[in-house]
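First up is the structure itself, then whatever we jot down about it.
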Amino acid sequence: MAWDLRYTSVESGPTGRSGFQFVATTPGTPPHVVGAVTPYMSYRPPPSAPSAPAPDELAAFPVAFAYGREGDHAVLVRCRYTGRDYSGRYGNFSGHAVVAAPQELEGLRPIELWESPVWDGPPGAAPDLVPGTAFDPDSLVAWLRREGAHDRLAALLDAVTAALAGGHGRVVLVADDAALVARWIALVSYSLPAALAAHLSFITYTADPESASQLVVGTVPEAWPRGGFRLSEPVPGDGERPGRFSRVIADCWRTGDLDGIDAVGELLTSAPGSDRLAPPGEGPAGRFRAEASVRVVEREPAAPAGGHAVLASADGAAALLALCRGETSVSAMEESAAAALVRCGGPPAWLWPALAPALPGLGFELAAALAHVAPEVAEHCVRLALADPSLRERLPALRLRDGLPAPFRAALAEAAGLDALADVVRLADQVGGRITGEDLTAAAAACARRGAGDIAAAVRATPRAWRAALVGGVLAGLEHAGAGTRRAMLTPDACAILGDRDWTRAPRTGGLVLSARADRHEATARLIELEPYGLPEIEELLDALWDAPPTPDDCERLVERLGPAMARFAALRGLTRRVFASAPLDAPETVRLAELIRDRLPELAGPARIVLAHREALRAGAEPEVARVLGRMDADDPLTGRVCASVAAALTERPARSRAEVLAATTDAVRRELTGHWLDAGPGRDDRVDLAEIEVRLHRARTPVPRLTAWGDGLGRFARRHVESALTDRDPALASAWRALRRRGA
């Protein structure tokens, strides 16, 4: 229901008192409605107006037509100056208010009630909200064209939308004629969607614009001498460029494109928060008063909450229309605002056909918001994502209609490395892109051949259905890559993920993968199996595989598994010698290995026989048998020296006579080795006596050892005396012979 309220100064009103008061109201008008209207009932003549105007001058006084929202009500007030009151004093005015629910204004812009028949209705009646005929969009198009004022409209829209977005401030329109102010308010109102215009508070005239609470405030030049929009003067040419929304709407007025204005309004109306565009009570009686210090509102960022979010989308809505009209200067930020608008409110039905010509230049964010509008838009999104990998995580869920085979084939071929290749495959899997295993294999081979990418990461990132094709290409590429590239690509992680497979078609690659295994025995066997298929690096691989010292158990397992194949490779032939050179010679596992080699690998049995001779020498009782065993060993084999050292240590447990018999019965080389070990051990007092006896007995057997003789000659006086005395105790003949040797040496 709408209420009609009349206000003026009378000698005796409804309550019997005199002065300004409500003189007529619609029956049943609630008190809170009266309270909401009261602050609007004010009028002060312009500063330059005559203080005592004649009746014919009253018509020139500007009409103050105001609109605002008070709580749940829309308040429209028209105040006209009437001159004298009942007492003859000047200053009286007639105030006429219409208060309605917002629904009763649906489809109307409040400014359309300027010169409406509602103002001519009987006092206190139920008002009929019929628009006036002063303004309509078509006539405003013609008027703007005649005035050439489109730039002013753009600037005005910029200021108004910024004030709406900020929720405070005012835009001051300056003109002597309130009807001109009303015309510009009408232009602004028609430029906004109806729901937004319903929250555009205004007043066509006030003598005190500094204190006005409305967003758009009309006044006369003498009340606002500087600034504001001076409607009767030329448009200044040095202002800031208006935003996209203001420019687009002004261009629509310029071309008479009223449908374009409606289209932008439709987009804005569907924006989030369109049902709560402004807080209640924003008018003079409300709790939210505008800041009086703000004059002309400059463009500023939109507030993020409530209806302000809709205003923040204004540039986005206008950008969409500009794109539909073929505009190419839409910025990325404007496209982003348009995308946010579409995501929240959805695209109207008319948008895609109109936007289709602009699709090739559309940015990703807006295209993604429109991806489900048409298959072409989805394809455009995927093309952009193929060109810029950083966009792929932001792709909406979509499926391509034909898979874009050509772009995907090109993306595979142009992938910088295996990681990038896997990303392309993952994208194809995500959106239904059409790729082939052959293309993927060829691209993977090219990447691997030039050493580009991380194999393990690429395999993990590739969807399972495509991993075989990717790995096939990787193996083919590695097989034809340079040795350095192949080694660099086959990291431990890569070798692990390539796993166990038939390496006969990629033996070089397989060799490196197998060599990375923790089980050296299994890797060795697999490398030997692979060698006939072309593995020239096998010796190098085996060397690296057995770089760490082998154990007797290692060699035993290899001999059992490989048999004669061990003799074909230098790296394996040397394993047993390396074991025998360090393992305890009398340990059961060492002897067992020596026996196994002797029986299974006669061509590698030389070191094994020496080890077995060591055991035999230690077990032999008779001196000739010990000498025979030692004499069979290869004197030039380094292992013989190790065996002789061990036997020499064992022989020290025997008497000097026994040791001398062994030495006399064996070869010169063994004699030198055994005596050398005894001498190198640093003999003590008793050992020196034994060595002296051995020396004498070897001379008697005509098998002297020069180093032993030199040792005797080099003993000091006291050492000689001790040796000679000890030998005398053993056998005076030994002592006499030893003295004779010393004299000979002297």
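Here full-length UniProt numbering is used: position 731 in the sequence shown is 731, and no number is missing along the way. Glycine is no exception: its CB is placed at the ideal position from the N, C-alpha and C atoms.
Rounded straight-line distance, which links the Cα of Ala59 to that of Leu108:
28 Å
Can you tell which of Arg557, Val98 and Gly13 has the C-alpha that lies nearest to the C-alpha of Ala2?
Val98
Could you have a look at Ile435 and say whether DSSP puts it in helix, strand or coil?
coil
Using 8 Å for Cβ pairs, my map puts Ser94 next to Arg84. What's the rounded Cβ distance?
12 Å between Cβ atoms; not a contact.
N- and C-terminal bounds of the beta strand (DSSP E) containing His96
Tyr90 to Ala100
May I have the straight-line CA-CA distance separating Glu335 from Asp136, to the nearest angstrom?
32 Å
For Val705 and Asp680, the rounded distance between their alpha carbons:
14 Å
Expected contact under 8 Å - CB spacing of Arg688 and Val647 to nearest Å
Not quite, the Cβ-Cβ distance comes to about 21 Å (not below 8 Å), so this is no contact.
From Val181 to Ala387, what does the alpha carbon distance come to, in whole angstroms?
53 Å
With a floor of 4 residues, list each alpha helix (DSSP H) that falls wholly inside the region 145-202, ordered by position along the chain.
150-166, 178-191 and 194-197
Kindly indicate which three-state DSSP category Tyr7 falls into: helix, strand or coil?
strand
So for Arg450, helix, strand or coil by DSSP?
coil
Runs of alpha helix (DSSP H) lying entirely within the region 360-404, each at least 4 residues, in chain order:
364-369 and 375-387
In the DSSP assignment, what residue or residues form a beta bridge with Glu210?
BP columns for Glu210 are empty, so no partner.
Any Cβ of chain D within less than 7 Å of the Cβ of Pro122?
Reference to chain D is not applicable here, since this structure consists of a single protein chain.
Count the other CB atoms, across all protein chains shown, that sit within 10 Å of the CB of Pro103; report buried if there are 16 or more and exposed otherwise.
The sequence given here has Gln at residue 103, not Pro. Gln103 comes out exposed.
Per DSSP, what are the beta-bridge partners of Ala64 in this structure?
Cys79
Express the C-alpha separation of Glu603 and Pro620 in angstroms, rounding to a whole number.
This sequence places Ala at residue 620; Pro is not what is there. Looking at the two C-alpha atoms, the distance is approximately 27 Å.
In three-state DSSP terms, what is Arg426?
helix
Please look up how many angstroms separate the CB atoms of Asp668 and Leu618, rounded, as I've assumed it's under 8 Å.
Not confirmed; about 22 Å, so no contact.
Going by DSSP, name the residue or residues bridged to Ala24.
Arg6
To the nearest angstrom, how far is the alpha carbon of Arg295 from that of Arg44?
Any reading at Arg295 must be qualified, since the residue scores a pLDDT of 36, below 50, and its modelled position is unreliable; the value itself is stated next. Straight-line Cα distance between these residues: approximately 20 Å.
Alpha carbon to alpha carbon, what distance is there between Arg632 and Glu595?
17 Å
Considering only residues of the same chain and omitting the five flanking positions on each side of Ala544, which have a CB-CB separation below 7 Å?
Ser515
Leaving out five residues before and five after Asp690 in sequence, what residues of the same chain have Cβ atoms less than 7 Å from its Cβ?
Ala656
Is the beta carbon of Arg486 sitting closer than 7 Å to the one on Leu478?
yes
Going by CA-CA distance only, name the one from Ala52, Arg78 and Ser12 that's closest to Tyr40.
Arg78
Using the rule of at least 16 other Cβ atoms within 10 Å of the residue's Cβ for burial, across every protein chain shown, is Tyr86 buried or exposed?
exposed
Alpha carbon to alpha carbon, how far is Leu153 from Ser189?
11 Å
Give me whichever residues DSSP pairs with His73 in a beta bridge.
Glu70
Can you check which of these residues, Arg89, Leu267 and Ser329, is closest to Gly346 by C-alpha distance?
Leu267
For Phe229, three-class secondary structure by DSSP:
strand
Counting pairs of beta carbons, one from the region 129-144 and one from the region 52-66, are three or more of them closer than 8 Å?
no
Sorted by chain position, which residues of the same chain lie with C-beta nearer than 6 Å to Ala456's C-beta, five sequence neighbours on each side aside?
Asp493, Ala494 and Ile497
Identify whether Val216 lies in helix, strand or coil by the three-state DSSP scheme.
strand
Does DSSP put Gly19 in a helix, a strand or coil?
strand
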